Amino acid sequence: MKNTILIVLSFVVIVVSLGVGPYKIAPIDVVKCFFNPKASIDSTIVLDIRLPRVLFAYFVGAGLSAAGSAYQAMFKNPLVSPDILGVSGGAAFGAALAILTLNHFYFIEIFAFVFGTIAVYIAFFLAKSKQELPVLNLVISGIIVGSFFTALLGIIKYLADPNNQLPQIVFWLMGSFANVSFSAWGAFIIIGICVVFLYLLRWQLNIAAFGDDEAKSLGVNIINLRKIIILLSTLTTAASVAVVGIIGWVGLIIPHISRLISGSDNRNVMPTSIFVGGIFMVIIDDLARSLISGEIPVGILTSLLGAPFFAWLYKKQKRL
C-alpha cells in the first residue's frame, strides 16, 4: 500500500515539476503536452528541456538512495553513504582533469565515470585479503583512496586557469542538473538497470545482516554478494556523479527516512528508498531552479537540508 502511494506521488511530483521554472506551466497543460506534442512553446519546454532534467533527477535520487540503502545494510552501519569507497573523489578528479585538458562535456562525463570506477577498484584491491573481503578493510581502503584522489583534485585546481577552468571545476563539484539532456541516455540505462538489480537483491541483504557465518549457513555467498553490491552501487553512483557532479547526503539520509516509514526490513526499505529518493531529488531540483532568479547548485541544497536532519536524527537516537 505504501509503495502504491509513493508511485502515485512520484507521478504527481514529476508532472508538477515539469511546470516549475521561470516559465510556469499549469499541471493540466503539462499533461496536454504529452497527448498533443505539437510544436508549441509549452511542448518544447516540457518535452525537450524539462523532461530529461526531471527524469534524470528522479533517477539520480533513486539510484543514490538505493546504493546508500544497500551499503548501509551490507556494512551494517547507518552512517555509510554511496561514496564510502572513494567513487566521488575519483569522479571529481576525472571531471577536473577533463576540464583542464579537453574541456568538452562528453569527455567530462566519461572521465568522471571511468575514474570513479577506478577509485572503487583500487579500494576493492586494497581491501581484499586472500579470499576474504572484510568490511573494515573496505572502509579503511575507501578512506585512503578518497584522500588520495582529493589530493590529486587539489593539484588540478591549483593548475587550473583561475578565470575560466577553476570556476567550472568548482561549479561542477557543487552538482547541478542544468545541463542534463537525453544525450545522457547511457547514464539513464546504467542507473535504471543497477537499481532494478539492487531491488532484486533486497532479501539477500536481510540475510547478510545476520553475519557472515549465518549467511553462509543459509546458502548466501557473502563474498560474492558484497562484490555484486559494490559493483552495482559503484556503477550507479559513478553514472550519477559523471553527469551532474557531486550530490551529497542523499544516499545517507534517504535510507534513514525510509526506515522510519517502512521499518528495518530491507525488503521494504529498498523500494521505499528508491521512491522517496527520487521524489526528494526532484523536489530539491525544483527548489534549485525556482528559489532565486538564477540557479542554486543542487549539492548546496542537499547539504543544507541533510546536515540538520542528520543532526536531529542523531540527537533523537541518543535520547532513546
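Position 149 of the sequence shown, counted from 1, bears residue number 149 in the working numbering, the numbering being contiguous throughout. Here a beta-carbon is modelled for each residue, glycine too, at the ideal position from N, C-alpha and C. Since the model is a prediction, treat every value here as computed from it, not as a measurement.
Item                                                                                                                                                                                : Value
Identify the residues that DSSP records as bridge partners of residue 132: which are they?                                                                                          : 129
Scan the segment 55-106 and note each continuous alpha helix (DSSP H) run of 4 residues or more that stays entirely inside, going in chain order.                                   : 87-101
When burial is assigned at 16 or more other CB atoms within 10 Å of the CB, is residue 164 buried or exposed?                                                                       : exposed
Which residue from 256, 73, 215, 269 puts its Cα closest to that of residue 314?                                                                                                    : 256
Could you check what DSSP says for residue 315 in three-state terms: helix, strand or coil?                                                                                         : helix
For residue 180, which of helix, strand or coil comes out of DSSP?                                                                                                                  : coil
Take the Cβ of residue 214 as the centre, count every other Cβ of all protein chains shown within 10 Å, and call the residue buried at 16 or more, exposed below.                   : exposed
Leaving aside the five residues before and after residue 181 along the sequence, list all residues of the same chain whose C-beta is less than 6 Å from its C-beta, in chain order. : 52
Compute the minimum distance between the beta carbon of residue 118 and the heavy atoms of the ligand COA, and state whether it is under 7 Å.                                       : Absence of the ligand COA from the depicted structure is noted, as is the absence of any ligand whatsoever, leaving it without description.
Whole alpha helix (DSSP H) runs in the segment 167-254 with 4 or more residues, listed along the chain?                                                                             : 185-200, 202-208, 212-217, 222-244
Sorted by chain position, which residues of the same chain lie with C-beta nearer than 8 Å to residue 301's C-beta, five sequence neighbours on each side aside?                    : 284, 287, 288
Flag this pair as yes or no: are the beta carbons of residue 119 and residue 90 separated by less than 8 Å?                                                                         : yes
Using a Cβ-Cβ cutoff of less than 7 Å, which residues in the same chain neighbour residue 47 once the five nearest sequence positions on both sides are dropped?                    : 33, 37
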